[in-house]
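-19 is the number of the first residue of the sequence shown in my numbering; add one for each residue after it.
C-beta: ideal position from N, C-alpha, C; glycine also.
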Amino acid sequence: MAREWTVLGLESSCDETAAAIIRSDRTILANLVAGQEEEHRPYGGVVPEIAARAHADKLAPLVQQALSDAGLTLNDIDAIAATAGPGLIGGVMVGLVTGKALALAAGKPLVAVNHLEGHALSPRLVADVEFPYMLLLVSGGHCQLLEVRGVGQFRRLGTTIDDAAGEAFDKVAKLLKLGFPGGPRVEKAARNGDVKRFPLPRPLKGTAEPHFSFAGLKTAVLREVEKLGAEPTEQDKADLAASFQAAVVDCIIDRTKKALAMAPQVTALVVGGGVAANTAIRTALTELATSKGLPFVAPPHWLCTDNAAMIAWAGLERLKLGLTDPLDVPARARWPLDQSAPKAPGAGVKA
């Protein structure tokens, strides 16, 4: 019989502190997430220093609770998987140093996980998805289209040249004074809005390469907010949120369709990342996959947002291939999945 592996995963790349314990038969023994919404709400967005301090306060108790929930001790764990980047460097360092300390103390292997690979492989935790598959990775900091050929094997087809979709959602929520976190607030407001009221642009739609751009769309929303005056009505906000969301969906579908044409051998269309929880985006992607004769795989909402279950699972996938890391592995603020991909034309540092 094949050996069952058990991995403890740690995640601290942005504003979610998380610990999880996963077994290689896909059993989730523990999965804990401590949010930081209250800490960041007064600022309308994530403050890196506050996030790092919160991770330092919350992570050790979460690890203890995860082991207790699983009914295990550290000696029962086969490896420690910790996010080593990309992300807010202070938070990444908290999680990675904690992972190193646990690995050293228990004499266990360390697996330094790319946070983006955690999202990329997360569908395989809940479904039988065979390589290669097309991944739309759409989150607060990233918007990419990747052909996932295997563990650690990625071909980037498209990326954002400026803002990611999730960042645009957060900025629009702030412009409309909808509150924090922005993505769910914009989606909620859009349900009661008229998608055709505001004629917003669809940046890069129809261009040859499947890259993304949302900075101009965000600026277009700003101009419409200015036209509405100091006190826009709730209906104004709903209509603008709906028009904005529809523009994002149109851009995503156009770019994904282009990427699928570049990789006709893929087995499925998969979506990952926090913005993948958006219902309008999921619905449109489902229709696109159906039109192409492909299965559409979207992890459950809790697995789309930042969590340690995906980090533990990515750690398991790497551990089974013998891919572990030394204790001096560095934390990285930036860490592309496809390091050979050329820089997108016109892209800034976020790409």
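Quiz item: Are at least three pairs of beta-carbons, each pair with one atom in the segment 294 to 311 and one in the segment 167 to 174, less than 8 Å apart?
Solution: Result no; under three Cβ-Cβ pairs closer than 8 Å.
Quiz item: Between GLY254 and ASP230, which are expected to be in contact by the criterion C-beta below 8 Å, what is the C-beta distance as a whole number of angstroms?
Solution: No, GLY254 and ASP230 are not in contact; Cβ-Cβ is about 20 Å, not under 8 Å.
Quiz item: Which whole-angstrom value describes the C-beta separation of LEU274 and ALA241, a residue pair presumed to lie in contact below a C-beta threshold of 8 Å?
Solution: Contact between LEU274 and ALA241 does not hold, since their C-beta atoms are separated by about 12 Å, which reaches or exceeds 8 Å.
Quiz item: Looking at C-alpha atoms only, which residue of ASP318, ALA327, GLY326 and ALA324 is the closest neighbour of GLN133?
Solution: Per the Cα distances, ASP318.
Quiz item: Is PRO41 helix, strand or coil when you go by DSSP?
Solution: If DSSP states are grouped into helix, strand and coil, PRO41 belongs with the helices.
Quiz item: How far does the beta strand (DSSP E) with PHE134 in it reach, from first residue to last?
Solution: Taken as a continuous stretch (DSSP letters only), the beta strand (DSSP E) holding PHE134 covers 133 to 139.
Quiz item: Beta-carbon separation of GLU297 and VAL131 under 8 Å?
Solution: Going by C-beta atoms, GLU297 is nearer than 8 Å to VAL131.
Quiz prompt | Nearest-angstrom Cβ-Cβ length linking PHE160 and GLY24, presumed shorter than 8 Å | solution = Going by Cβ atoms, the distance from PHE160 to GLY24 rounds to 6 Å, so yes, they are a contact pair.
Quiz item: What number of angstroms, rounded off, separates the C-alpha of GLU204 from the C-alpha of ALA145?
Solution: When the Cα atoms are used, GLU204 and ALA145 turn out to be separated by approximately 19 Å.
Practice problem: Could you check how far apart the C-beta atoms of ALA92 and ALA64 are, in whole angstroms? I think they sit under 8 Å. | Solution: Rounded, the Cβ-Cβ distance is 4 Å, consistent with contact.
Quiz item: Based on Cα-Cα distance, which residue from PRO190, GLY186, LYS80 and GLN16 lies nearest to GLU127?
Solution: Restricting attention to PRO190, GLY186, LYS80 and GLN16, the CA atom closest to the CA of GLU127 is found in PRO190.
Practice problem: Would you identify the three-state DSSP class for GLY209, choosing helix, strand or coil? | Solution: Coil at GLY209, not helix or strand.
Practice problem: Please find out if some non-hydrogen atom of the ligand ATP comes closer than 7 Å to the beta-carbon of LEU(-10). | Solution: You won't find the ligand ATP in this model; it holds no ligand whatsoever.
Self-check item: Where CYS284 sits in the DSSP three-state scheme
Solution: DSSP places CYS284 in helix when its eight states are reduced to three.
Exercise. Using only alpha-carbon positions, find the residue among LYS88, ALA153, ALA321 and SER102 that is nearest to GLY339.
Key: Missing from the structure shown is residue 339; the chain here goes from -19 to 331 and no further.
Quiz prompt | Residue of SER(-8), ALA278 and ALA210 minimising C-alpha distance to GLY75 | solution = The candidate whose alpha carbon is nearest that of GLY75 is SER(-8).
Practice problem: Flag this pair as yes or no: are the beta carbons of ALA289 and ILE57 separated by less than 8 Å? | Solution: No, these two residues do not count as a Cβ contact at 8 Å.
Quiz item: Smallest Cα separation from VAL175: which of ALA221, PRO310 and LEU96?
Solution: Of the listed residues, the one whose Cα sits closest to VAL175 is ALA221.
Quiz item: Taking one C-beta from the segment -13 to 7 and one from the segment 69 to 83 each time, how about it: are there three or more such pairs within less than 8 Å?
Solution: Contact between the segment -13 to 7 and the segment 69 to 83 is established, with three or more Cβ pairs separated by less than 8 Å.
Practice problem: Give every residue of the same chain whose Cβ lies closer than 6 Å to the Cβ of PHE149, excluding the five residues on either side of it in the sequence, and list them in chain order. | Solution: For PHE149, where only same-chain residues beyond five positions count, the Cβ hits under 6 Å are GLY162, GLY163 and VAL166.
Quiz item: With respect to the alpha helix (DSSP H) encompassing GLN124, which residues constitute its N-terminal and C-terminal limits?
Solution: For GLN124, no alpha helix (DSSP H) segment is defined; the enclosing uninterrupted segment is the beta strand (DSSP E) at 123 to 130.
Quiz item: Nearest to PRO279 by alpha carbon, out of THR270, PRO310, THR266 and ILE30?
Solution: Closest option to PRO279, Cα to Cα, is THR266.
Self-check item: Same chain, Cβ closer than 7 Å to ARG21, five either side skipped, listed in chain order
Solution: So the qualifying residues of the chain are PHE160.
Quiz item: In chain order, what residues of the same chain have a beta carbon less than 8 Å from the beta carbon of GLY186, not counting five sequence neighbours either side?
Solution: Around GLY186: ASP234.
Quiz item: Hey, how far is the Cα of GLY87 from the Cα of ALA10?
Solution: Taking C-alpha positions only, GLY87 is separated from ALA10 by approximately 22 Å.
Quiz item: Is ARG3 helix, strand or coil when you go by DSSP?
Solution: Residue state, collapsed to three classes: strand.
Exercise. Can you check DSSP and say which residues form a bridge with ILE8?
Key: Within the DSSP bridge table, the entry for ILE8 names ILE2 as partners.
Quiz item: How would you write the range of the alpha helix (DSSP H) that ILE60 sits in, first residue to last?
Solution: For ILE60, there is no enclosing alpha helix (DSSP H); the enclosing beta strand (DSSP E) has its first and last residue at 59 to 65.
Quiz item: Rounded C-beta distance between LEU12 and ALA31? I'm assuming under 8 Å.
Solution: Contact between LEU12 and ALA31 does not hold, since their C-beta atoms are separated by about 17 Å, which reaches or exceeds 8 Å.
Quiz item: From TRP(-15) to ALA85, what does the alpha carbon distance come to, in whole angstroms?
Solution: Roughly 19 Å separates the two Cα atoms.
Quiz item: Is it true that the CB of GLU19 sits closer than 8 Å to the CB of ALA(-2)?
Solution: Cβ atoms of ALA(-2) and GLU19: not closer than 8 Å.
Exercise. Classify GLU97 as buried or exposed, calling it buried when 16 or more other Cβ atoms lie within 10 Å of its own Cβ.
Key: Burial check for GLU97: the Cβ neighbour count within 10 Å reaches 16 or more, so the residue is buried.
Quiz prompt | Straight-line Cα distance separating GLY51 from ALA331 | solution = Because ALA331 carries a pLDDT of 43, less than 50, the predicted location of this residue cannot be relied on, and the following value inherits that uncertainty. If you draw a straight line from the Cα of ALA331 to the Cα of GLY51, it comes to about 42 Å.
Quiz item: Buried or exposed: where does PRO325 fall if 16 or more other Cβ atoms within 10 Å of its Cβ makes it buried?
Solution: PRO325 is exposed by the Cβ-count criterion.
Quiz prompt | Paired residues, beta bridge with ASN94 - DSSP | solution = BP columns for ASN94 point to GLY65.
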